[in-house]
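Student: The structure's right below; bear with me while I get my questions together.
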Amino acid sequence: MNEGFRLLDPVRQGAAVNVLRAILPAESVLYEPEDTKPYECDGLSAYRALPMVVALPENEEQVSRVLRACHELKLPVVARGAGTGLSGGALPHGKGVLLSLAKMKRILALDPVARVARVQPGVRNLAISEAAAPYGLYYAPDPSSQIACSIGGNVGENAGGVHCLKYGLTVHNVLRVRGCTIEGEAVEFGSEALDVPGYDLLALIMGSEGMLAVATEITVKLVPKPHTARVILAAFDDVEKAGNAAAAMIAAGIIPAGLEMMDQPATRAVEEYVHAGYDLDAAALLLCESDGTVEEVEEEIGRMTAVLKQAGAYDFRISENEAERLKFWSGRKAAFPAMGRISPDYYCMDGTIPRKRLGEVLRFIAEMEKKYGLRCPNVFHAGDGNLHPLILFDANDPEQLHRTEAFAGEVLEKSIEVGGTVTGEHGVGIEKINQMCVQFTPAELEMFRAVKRAFDVDELLNPDKNIPSLHRCAEFGRMHVEGGRLPYPDIPRF
Amino acid sequence: MQEVIKRYADRIRAAAADKKPLRLRGGGTKDFYGETPGGEVLDTREYAGIVAYEPTELVITARCGTPLVELEAALSAQGQYLAFEPPHFGPGATVGGMLAAGLSGPRRQAAGAVRDFVLGVRMLDGRGDDLSFGGQVMKNVAGYDVSRPMAGSLGTLGLILEVSLKVPPLPFAEATLKLELPQDKAIEMLNHWGGKPIPISASTWVEGDLTVRLSGAASAIQAARVVIGGESVAPEQAQGYWQDIREQTDVFFRTDKPLWRLSVPSVTPPLALPGEELIEWGGALRWLASNADARTIRDAATQSGGHATLFRGTDKSAGVFTPLAPPLARVHRNLKQAFDPAGVFNPGRMYPDL
Ligand SMILES: Cc1cc2nc3c(=O)[nH]c(=O)nc-3n(C[C@H](O)[C@H](O)[C@H](O)COP(=O)(O)OP(=O)(O)OC[C@H]3O[C@@H](n4cnc5c(N)ncnc54)[C@H](O)[C@@H]3O)c2cc1C
Chain A
1 MNEGFRLLDP VRQGAAVNVL RAILPAESVL YEPEDTKPYE CDGLSAYRAL PMVVALPENE
61 EQVSRVLRAC HELKLPVVAR GAGTGLSGGA LPHGKGVLLS LAKMKRILAL DPVARVARVQ
121 PGVRNLAISE AAAPYGLYYA PDPSSQIACS IGGNVGENAG GVHCLKYGLT VHNVLRVRGC
181 TIEGEAVEFG SEALDVPGYD LLALIMGSEG MLAVATEITV KLVPKPHTAR VILAAFDDVE
241 KAGNAAAAMI AAGIIPAGLE MMDQPATRAV EEYVHAGYDL DAAALLLCES DGTVEEVEEE
301 IGRMTAVLKQ AGAYDFRISE NEAERLKFWS GRKAAFPAMG RISPDYYCMD GTIPRKRLGE
361 VLRFIAEMEK KYGLRCPNVF HAGDGNLHPL ILFDANDPEQ LHRTEAFAGE VLEKSIEVGG
421 TVTGEHGVGI EKINQMCVQF TPAELEMFRA VKRAFDVDEL LNPDKNIPSL HRCAEFGRMH
481 VEGGRLPYPD IPRF
Chain B
1001 MQEVIKRYAD RIRAAAADKK PLRLRGGGTK DFYGETPGGE VLDTREYAGI VAYEPTELVI
1061 TARCGTPLVE LEAALSAQGQ YLAFEPPHFG PGATVGGMLA AGLSGPRRQA AGAVRDFVLG
1121 VRMLDGRGDD LSFGGQVMKN VAGYDVSRPM AGSLGTLGLI LEVSLKVPPL PFAEATLKLE
1181 LPQDKAIEML NHWGGKPIPI SASTWVEGDL TVRLSGAASA IQAARVVIGG ESVAPEQAQG
1241 YWQDIREQTD VFFRTDKPLW RLSVPSVTPP LALPGEELIE WGGALRWLAS NADARTIRDA
1301 ATQSGGHATL FRGTDKSAGV FTPLAPPLAR VHRNLKQAFD PAGVFNPGRM YPDL
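Residue numbers (my numbering), protein chains in the order written: chain A, 1 to 494; chain B, 1001 to 1354.
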């Protein structure tokens, strides 16, 4: 890790605290280590750094003034929502300000007729759907972390969920983001109409990891809740067959509301934890959901069952009621915490691959398990090819952590090699920054930096994340190689 | 095909060196749209063809010069389609032009806009560098999302070489219903139905007639018919109607007056502007054929929280697009500078300083 993150400069800290205290109440400016410690990491706890100062604004005016002050003092600023991110996007900067949006958690307006909600960035994802429920509406993107993660963080990562194949990602469900630039100036991206004049900067802001602007208000789309939903739990004796079944579903013209896969090690781990009644002998389980009116679901479940049979599923169960549906889902939804039960730590990867390469990638992961002597169950958003291998390890053992990182690096590069990407929904953050050197050419990385400077000339917003400098890539010793051919040098990572 | 790219890149570099603007152009079907184009034409039709199509991955990748009809024929052979129903505005429409114009058709409110289906873009920037962003997979958050903003950029950021698009399956069934309703009531009902799980995939209101298209499972359509009421339109007639709306060949668009496009929140009450109106997208898009002055029309749109574009018209002196707020205008200029430092791509097509 960069040493610069660690060194604390008391003079600089004193100056920052004074300036921030002129803007915020004393209890909203934290700088004692015991107060700043809770902010030292996000969901990727292998990386930690104490922020120099934590600022907790309560409204846009305060956000704007904090940013203006940081801009004047040339202090790096890292925005933080709920801190559930899995790539170190909200990892603090040791010489900068951690800007927590946690106090901004009001739903400002909910219009059931226009089907929109205007919310502050710290509002939890699930809180929006709960507020909309009395009107028969909900906010569609449902990351597994939805009880905790914030809508600001969802915008920061362009978060997805198990229903995003049919209902879209954050980018498809947010109409407008109001934010502040690093100069503290208010800007509006998108609007409550369906488009705006000029470039589609709303799309550019999505997944920008707090590096272009800080979101202070977000208008989300609300959609009608389907009358009903049912899920099919199908068992396969071979993972590739299950992957092909997902492809066959699409080929049959069906876009399921959810299409998720778990391999046997994942199923066995979660079954111990949730007792969902999964078939532990199956090589892979596929969860396939249909939603809509009762008649529509009936019709679609029929079509889905036919496809799954044809594709070689040896067993099916179709949920007969809501309790059963939730039970079938419980294992998949709890996959991450379940890993936490069977192993001291787990490291979650997030590559997206063309679905047809699934078998090849899973075989590769199995080889890596042997090579590194670590276990790695897999959960898979089978509909859209987003794979989450979960490497089980013990972070207290530095040698294991090192092996885990090397293992993860190889899997990410395999994702690129098969025509995919290093991150489908968790973001690059600090975690996958080296692999960015492999996925993109120097000219592309330079363009990303130029985009950043178009918003933030001094590169103060979340510096050193997401986009590696060419210098860093040179140090990493890896550059993008044209034509999908990747060398395998033995240079140590991180 | 690599030699075509090289030729394009050489031309871009030469244009940048000589400070001679280029006018990126496919079939020219959207020449009417935006500010008056200038510069020396760079014809994108040389770089044509479908690069890859994987129906079961829901992704197609095509070169900029590919005729849109060719792309759509390939999709329809596999039971898939461009769900945003982009207008062609002529037989020569190309894939690159479709993306650069960023226009979506009748299904936009239900399915999403062009940008919602963009997965990746390959482009030449103003230095002639060959860059790829995004990819061919459904979910990708590596780096900034540079590909979606290419939709609607009117060729001012670079020469789009290839685009990868998400292509969903065609709906199992469709039906069109027609009912008589005054404008305010129609807007109210469209928003009311929008909050119910009813598969409305397109709507228009014009001269007291509300027309609604339903798409989805046969059973869902049957249920929705009962809720909406009205009379059924025969399938062939309905298909022709939606085609006419999408391509603006409907009688409403045969007007001598300037045609304005007002994009507003769907709940916006009738605008009561002088002229004739056709409403789409559940109330969120209002076409206005009117001789009223630009100021009046823009103010009405802005006050409702939207914006107004002079879509078709001869006198463009008031500007085609609504001016941007100062901080946004600055970001636009900076982005233009990043992608096209010498200002060679379609200068002035969107705003005078881009
Ligand atoms: C158990 C578990 C399950 C998960 N499941 C999923 C899943 O299914 N799908 C998925 O996509 N993700 C998932 N995640 C990852 C994570 O929850 C998401 O990335 C989420 O969007 C992060 O939200 P947050 O509020 O915690 O953001 P943080 O972690 O606090 O921040 C994330 C990024 O956004 C930036 N940011 C935060 N707020 C703002 C703001 N107001 N303005 C600008 N930038 C801001 C930060 O700087 C950072 O770069 C999971 C995480 C866990 C721990």
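Each residue gets a CB set at the ideal place from its N, CA and C atoms; glycine is no exception.
If we cut at 7 Å on Cβ distances, does Val481/A have a partner in chain B?
Tutor: One-based indexing of the first sequence puts residue 481/A at position 481. Confidence at Val481/A is low in this model, with a pLDDT of 49, below 50, so the placement of that residue should be treated as unreliable; the coordinate-derived value is given next. False, the Cβ-Cβ gap to chain B never drops below 7 Å.
Student: Step through the CB atoms of chain B and report whether any lies within less than 7 Å of the CB of His471/A.
Tutor: Numbered from 1 along the first sequence, position 471 holds the residue referred to as residue 471/A. For His471/A, the answer is no, since every Cβ of chain B falls outside 7 Å of its Cβ.
Student: Please report the distance separating the alpha-carbon of Pro463/A from that of Gly184/A.
Tutor: For the purposes of this step, residue 463/A is identified with residue 463 of the first sequence, where counting begins at 1. For the purposes of this step, residue 184/A is identified with residue 184 of the first sequence, where counting begins at 1. Straight-line Cα distance between these residues: approximately 17 Å.
Student: For Leu224/A and chain B, any beta-carbon pair shorter than 7 Å?
Tutor: Mapped onto the first sequence, residue 224/A falls at position 224. The amino acid occupying residue 224/A in the given sequence is Pro; Leu does not appear at that position. Yes - at least one Cβ of chain B is within 7 Å of the one on Pro224/A.
Student: Is Phe236/A close to chain B, meaning its C-beta is less than 7 Å from at least one C-beta of that chain?
Tutor: Working through the first sequence from its first residue, we reach residue 236/A at position 236. Closer than 7 Å: no.
Student: Pull up the distance between the alpha-carbon of Pro489/A and that of Asp1145/B, whole angstroms please.
Tutor: Here residue 489/A refers to the residue found at position 489 when the first sequence is read from its first residue. Here residue 1145/B refers to the residue found at position 145 when the second sequence is read from its first residue. Because the pLDDT at Pro489/A is just 32, under 50, the model does not fix this residue reliably, and the value given afterwards should be weighed accordingly. Rounded to the nearest angstrom, the two C-alpha atoms are 30 Å apart.
Student: Report the rounded CA-to-CA distance for Asp1010/B versus Leu1159/B, giving the unit in angstroms.
Tutor: Along the second sequence, one-based indexing puts residue 1010/B at 10. Along the second sequence, one-based indexing puts residue 1159/B at 159. Taking the straight line joining both Cα atoms gives about 13 Å.
Student: Return helix, strand or coil for Gln120/A, following the three-state DSSP convention.
Tutor: Here residue 120/A refers to the residue found at position 120 of the first sequence. Coil, per DSSP.
Student: Does any residue of chain B have a CB that is nearer than 7 Å to the CB of Phe364/A?
Tutor: Residue numbering aside, residue 364/A sits at position 364 when the first sequence is read from its first letter. Closer than 7 Å: no.
Student: Taking 6 Å as the cut-off, is the C-beta of Ser45/A nearer than that to any heavy atom in ligand 1?
Tutor: Residue 45/A sits at position 45 when you count from the first residue of the first sequence. No, ligand 1 has no heavy atom inside 6 Å of this Cβ.
Student: For Glu431/A, which option in Ala79/A, His71/A, Gly85/A, Val11/A has the closest C-alpha, if you only look at C-alpha atoms?
Tutor: Your numbering for residue 431/A matches position 431 in the first sequence. Closest option to Glu431/A, Cα to Cα, is Gly85/A.
Student: Taking Cβ positions only, does Lys1030/B come closer than 7 Å to chain A?
Tutor: By 1-based counting over the second sequence, the position of residue 1030/B is 30. No, Lys1030/B does not count as interfacial toward chain A.
Student: Assuming the contact rule is C-beta atoms closer than 8 Å, Cys1064/B and Thr1036/B should be a hit. Round their C-beta distance to whole Å, please.
Tutor: Translated into positions along the second sequence, residue 1064/B becomes position 64. Translated into positions along the second sequence, residue 1036/B becomes position 36. That belief does not hold up - the Cβ atoms of Cys1064/B and Thr1036/B are roughly 22 Å apart, past 8 Å.
Student: Report the CB separation of Gly243/A from Ala382/A in whole angstroms; it is logged as a contact under 8 Å.
Tutor: If you number the first sequence from 1, residue 243/A lands on position 243. If you number the first sequence from 1, residue 382/A lands on position 382. Confirmed, Cβ separation roughly 7 Å.
Student: Measuring alpha carbon to alpha carbon, tell me which of Tyr47/A, Pro51/A, Tyr39/A ends up nearest Pro10/A.
Tutor: Position 10 of the first sequence holds residue 10/A. When only C-alpha atoms are compared, the closest one is Pro51/A.
Student: Taking 6 Å as the cut-off, is the CB of Phe336/A close to at least one heavy atom of ligand 1?
Tutor: Taking the first sequence and counting its residues from 1, one reaches residue 336/A at position 336. Because some heavy atom of ligand 1 lies under 6 Å away, the Cβ of Phe336/A counts as near it: yes.
Student: Counting only Cβ pairs nearer than 7 Å, list the residues of chain A close to Val1267/B.
Tutor: Against the second sequence, residue 1267/B aligns to sequence position 267. Within 7 Å Cβ-Cβ: Val113, Ala114.
Student: Residues bridged to Pro1067/B by DSSP?
Tutor: Here residue 1067/B refers to the residue found at position 67 of the second sequence. Answer is Thr1094/B.
Student: Hey, is Cys149/A close to ligand 1, as in C-beta under 6 Å from one of its heavy atoms?
Tutor: Along the first sequence, one-based indexing puts residue 149/A at 149. Under cutoff, so the answer is yes.
Student: State the Cα-Cα distance for the pair Leu1190/B and Thr1204/B, rounded to the nearest angstrom.
Tutor: Position 190 of the second sequence, counted from the start, is the residue given in the question as residue 1190/B. Position 204 of the second sequence, counted from the start, is the residue given in the question as residue 1204/B. Those two C-alpha atoms are separated by around 10 Å.
Student: Determine, using beta carbons only, whether Gly1158/B comes closer than 7 Å to chain A.
Tutor: Looking up residue 1158/B in the second sequence gives position 158. Answer no: the Cβ-Cβ gap between Gly1158/B and chain A never drops below 7 Å.
Student: In terms of residue numbering, what span does the beta strand (DSSP E) encompassing Asn386/A cover?
Tutor: Locating residue 386/A in the first sequence gives position 386, counting from the first residue. Its beta strand (DSSP E) spans residues 386 to 393.
Student: Determine, for Glu32/A, whether the minimum Cβ-Cβ distance to residues of chain B falls below 7 Å.
Tutor: Reading the first sequence from its first residue, position 32 is the one you call residue 32/A. No, Glu32/A lies away from the interface with chain B (no Cβ there is under 7 Å from its Cβ).
Student: Go ahead and label Ile433/A buried or exposed: buried means 16 or more other beta carbons lie within 10 angstroms of its beta carbon, across all protein chains shown.
Tutor: By one-based count along the first sequence, residue 433/A stands at place 433. Buried, since its Cβ has 16 or more Cβ neighbours within 10 Å.
Student: Counting only runs of 3+ residues fully inside the region 256 to 325 of chain A, write out the beta strand (DSSP E) ranges in chain order.
Tutor: List check, beta strand (DSSP E) in window: 258 to 263, 284 to 292, 315 to 318.
Student: List the whole-angstrom C-beta distance separating Gly1092/B from Gly1028/B, where the pair is believed to meet the contact cut-off of C-beta under 8 Å.
Tutor: Counted from its first residue, the second sequence places residue 1092/B at position 92. Counted from its first residue, the second sequence places residue 1028/B at position 28. About 6 Å separates the two Cβ atoms, so the contact holds.
Student: Within 7 Å (strictly less), CB to CB, does Thr305/A reach chain B?
Tutor: By one-based count along the first sequence, residue 305/A stands at place 305. No, because no Cβ of chain B sits closer than 7 Å to the Cβ of Thr305/A.
Student: Establish whether the CB of Arg178/A and some CB of chain B are separated by less than 7 Å.
Tutor: The residue labelled residue 178/A in the question sits at position 178 within the first sequence. With 7 Å as the cut-off, Arg178/A does not count as an interface residue toward chain B.
Student: With Asn378/A as the anchor, note down where its beta strand (DSSP E) starts and where it stops.
Tutor: Position 378 of the first sequence, counted from the first residue, corresponds to residue 378/A. That run of the beta strand (DSSP E) goes 378 to 381.
Student: Whose Cβ in chain B lies nearer than 8 Å to the Cβ of Tyr135/A?
Tutor: Counted from its first residue, the first sequence places residue 135/A at position 135. Within 8 Å Cβ-Cβ: Gly1195.
Student: Please work out which residues of its chain come closer than 6 Å, Cβ to Cβ, to Gly1128/B, disregarding the five sequence neighbours upstream and downstream, and give them in chain order.
Tutor: Numbered from its first residue, the second sequence carries residue 1128/B at position 128. Ala1009, Ile1012, Arg1013.
Student: Ends of the beta strand (DSSP E) at Trp1260/B?
Tutor: The count along the second sequence starts at 1 and reaches residue 1260/B at position 260. Trp1260/B -> beta strand (DSSP E) spans 1259 to 1263.
Student: Reducing DSSP to helix, strand and coil, say where His1307/B ends up.
Tutor: As a working note, residue 1307/B is residue 307 in the second sequence. Note: His1307/B maps to strand in three-state DSSP.
Student: Out of Asp1299/B, Ala1325/B, Gly1305/B, Met1150/B, point me to the one whose CA is closest to Leu1103/B's CA.
Tutor: Your numbering for residue 1103/B matches position 103 in the second sequence. Taking only the C-alpha atoms, the option nearest Leu1103/B is Met1150/B.
Student: Helix, strand or coil for Ala133/A per DSSP?
Tutor: By 1-based counting over the first sequence, the position of residue 133/A is 133. Helix, per DSSP.
Student: Say the cut is 6 Å; is the CB of Arg1213/B nearer than that to a heavy atom of ligand 1?
Tutor: Counting from one through the second sequence, the residue named residue 1213/B turns up at place 213. No, ligand 1 has no heavy atom inside 6 Å of this Cβ.
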